[in-house]
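Just below is one structure, and these are the notes that go with it.
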Amino acid sequence: MKRFKVLALLFVFLVGFAPGPVLARQVKGTLKYRDGKTNDLRPIRYVDVTVIPLADDDEEKTVTTDGNGFFSVSIPDGAVPGGSTVRIEFQSENYAADVYLDLDGENEQMLWSREVVAPAGTGPVTVNANVSVANLSSHFNIADAILTGRIYIDGLRADDDDISQVDVQYPDTDWSNHDPYWCEITLSGPAMFGHGGETENGLVDHGIEDEVILHEFGHHITGDVSDHDSSGGDHTEATDNGVDFAWSEGFATFYAHAVARAYPSRVTMPRTIEKTPTFMDGTKFPAGSEGMTQSALWDLLDGVDLAKEPWDRVNGPAVGAEARIFAIWDCEIDEGELSSGKEIGRNILGFHDAWAKRQSSTHPELDRVLAEHGIEDHARQDYTVANVIPLKSSLEPGEKMNVIVRIWRKNSYYSSQNVKVKIWLGRNVVVGSGKYKFIQLQFVYNLGEYDMAFPALGFGTYDHYATKTIQVQAPYSQPVDSAFVVATVDSSDRFLEADEGNNRLVGPSVTLEDLFNNPDYDPWAGGSNSGRSSGDSQSLEDLNASIK
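Positions in the sequence shown are counted from 1; adding 100 to them yields the numbering used here.
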């Protein structure tokens, strides 16, 4: 009987006195840090924040800030009464980096906290925090720069190697470096909180230098992804330690600048690697220097400006160079071989072979860039126009004619690459005056540009010929006269050649019949083209400027 009563009472308690929903109170805030380089306030992104209601610390919760440094969490209302204190705690750690004061002994790490008194009522409790430079905001600059670099590279991955979270110690008296054994980054900095101070190179603060931070992180991801651990040691960007070392160091710097190019509002770069690096006397850095590797990669990444960089004919954005460069780094450089199984070096020469194999741009354009940077290119071939034969001796305006062009080249590495041939009408004209008169061949009418393909090479073939019959059309307004038929090859100077001066041939002349009966038509007077109709070709000046 007693047992029944107990059960009954329990049932009544459960049914009649079931508690309603627990009321909760929102604790929210935004975390920011002061950038010691730009003095901007930047959000502290993707770090864990522990919210502790001191009235009932059993109700503490942890939440992660978003991309704007904002966090929000609900705490039971009873744990945050009005007048009680709420504390938040956070550290300089995100999924990409964990930043310490020291990793050499006890793994010391900073802990930031902020307390506020909760207002009366049940409304939100706001706990904002701005970390100042004096309170080591550089730790968050380091973490955020590496986070940005990690976001960038994650978006370009072509393989499935894991990228680990990297540990960083700052400030330190050692010069900034990456330790491939421990997978740690050390950054030099001023004396703060018992660490840092003078280095062997003086007092240098690399905790605010995004280029240095991302360069060292570039070593970390290269070790994780691309199986290339560098040995470090004293060096400058001009030191010639060989192409393997140059790739390790040069790729890391190139990567840092590529991140800044993609996220200019988040990463600050103090310089550009656009120009081919030179010493003070104007001579170029050696080919085996990291400066040359990073500059060559940048020329592949950026666009084309032939007026400033005539060697750079690779339009990076147009050929998807960014994705290609990192795919090669991720795959062929990682494997140390091409898709065909051919072994390659983990350096700029191996990258060259992979880029050419993928046909990321034309092979000659690639070699143009590398040759500018002194980096070994394939044996240079030599184009020569062997024949240019017009198959008519007299033309009326607008009449079509066949021209036979034969060209040859010595050394045929680029057997898959077509070469462009231009056909012109030209005339010898007298220029100058007095004793300074001389005869000059003027290119007066462009009859078109045409691709010529070389046939497959036979075994042991070195001299490689191509012949093509090209149909051209005479201009509609030219004088009664004879004009030479001129053929030029590679007029855009796309290919590297052993001899750049033998790329044209002046062939037989053709007579142009005048059907206009215009006594005032005299375009040859004074070597000008003043008598040509408005519908005619380019001016002589334009034509001469477009010809080698």
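For glycine and all other residues, C-beta sits at the position ideal for the given N, C-alpha and C.
Residue nearest to residue 589 within the set 518, 529, 574 and 400 is 518 (criterion: CA-CA distance). In the three-state DSSP reduction, residue 510 falls in the strand class (E or B). Boundaries of the beta strand (DSSP E) harbouring residue 127: 124–134, taken from the DSSP string. DSSP lists 504 as the beta-bridge partner residues of residue 569. Taking 4 residues as the shortest admissible run, the region 448–498 contains the following complete alpha helix (DSSP H) segments, listed from N- to C-terminal end: 448–458 and 463–472. With a cutoff of 7 Å on beta-carbon distance, residue 576 and residue 497 are scored as near each other. Distances from the CA of residue 607 to each of 566, 526 and 568 were compared; the closest alpha carbon is that of 526.
Taking 7 Å as the cut-off, the Cβ atoms of residue 153 and residue 124 do not count as close. Within the same chain, 428 and 433 come within 7 Å of residue 451 by CB-CB distance, once the 5 residues on both sides are set aside.
Taking residue 249 as reference, the option from 411, 157 and 355 with the minimal CA-CA separation is 355. When the beta-carbon positions are compared, residue 237 and residue 133 come within less than 7 Å of each other. The secondary-structure analysis by DSSP pairs residue 538 across a beta bridge with 531. Within the same chain, and ignoring the five residues on either side of residue 536 in sequence, no residue has its Cβ closer than 8 Å to its Cβ. With a 10 Å radius around the Cβ and a threshold of 16 neighbouring Cβ atoms, residue 379 comes out exposed. Within the region 385–453, no complete beta strand (DSSP E) segment of 3 residues or longer occurs. Under the 8 Å Cβ criterion, the region 334–341 counts as touching the region 374–390, having at least three qualifying pairs. Taken through DSSP and simplified to helix, strand or coil, residue 323 comes out as helix. Counted as a single uninterrupted DSSP element, the alpha helix (DSSP H) harbouring residue 347 occupies residues 343–362.
Rounded to the nearest whole angstrom, the C-alpha separation of residue 215 and residue 161 is 15 Å. If you draw a straight line from the Cα of residue 217 to the Cα of residue 186, it is about 6 Å long. Here the C-alpha atom of residue 419 lies approximately 20 Å from the C-alpha atom of residue 449. By the criterion of a C-beta distance shorter than 6 Å, residue 326 is surrounded in its chain by 429, 433 and 434, once the five residues flanking it on both sides are discounted. Within the same chain, and ignoring the five residues on either side of residue 315 in sequence, the residues whose Cβ sits closer than 6 Å to its Cβ are 352, 353 and 356. The C-beta distance from residue 198 to residue 272 rounds to 15 Å, too long to fall under 8 Å, and the pair is not in contact. A check of alpha carbon separations from residue 603 across 609, 610, 591 and 596 identifies 591 as the nearest.
Residue 514 counts as buried, since at least 16 other C-beta atoms from the protein chains shown sit within 10 angstroms of its C-beta.
Residue pairing by DSSP places residue 378 opposite 384 in a beta bridge. By the Cβ-count criterion, residue 454 is buried, with 16 or more other Cβ atoms from all chains shown falling within 10 Å of its own Cβ.
Bridge pairing for residue 213: 189 [DSSP]. In this structure, the straight-line span from the alpha carbon of residue 458 to that of residue 424 is close to 9 Å.
Excluding five sequence positions before and after residue 470, the CB atoms of its chain that fall closer than 8 Å to its own CB belong to 396, 448, 452, 476 and 477, given in chain order. Minimum Cα-Cα distance from residue 192 among the listed residues 466, 309, 201 and 239 corresponds to 239.
At least 7 Å separates the beta-carbon of residue 413 from that of residue 374. Rounded to whole angstroms, the gap between the alpha carbons of residue 407 and residue 552 is 27 Å. Positions of the alpha helix (DSSP H) runs, each at least 4 residues long and wholly inside the region 220–268, are given as 238–254 in order along the chain. About 28 Å separates the Cβ atoms of residue 201 and residue 335, ruling out a contact at the 8 Å cut-off.
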